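These notes concern the structure reproduced below.
Numbering (my numbering), first residue to last: -10 to 59.
As structure tokens, this is what we get:
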């Protein structure tokens, strides 16, 4: 389950094991970032637009489903 940030309506966080992952959407250029909240400068991904983010999520889902057989 995810939570929306109280400070930024475009920021969402969710737990992945012992990590907190933050996803931030930027309205000015439709870009987004996804990173480990404890180390944002050295972890994560930057997506230039929504299409790139959706492609990443779909590709990752395909890999996980294939690997785990679900």
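We put the CB at the ideal spot given by N, CA and C, even for glycine.
In this text the structure is predicted, and so the values were computed from the model without any measurement.
- Between the C-alpha atoms of residue 16 and residue 56 there is a straight-line separation of about 35 Å.
- Residue 9 carries a strand assignment under DSSP once its states are collapsed to helix, strand and coil.
- For residue -7, DSSP records a beta bridge to 1.
- If you check the CB distance, residue 2 and residue 10 come in under 8 Å.
- Residue 46 sits exposed, since fewer than 16 C-beta atoms from the chains shown fall within 10 Å of its C-beta.
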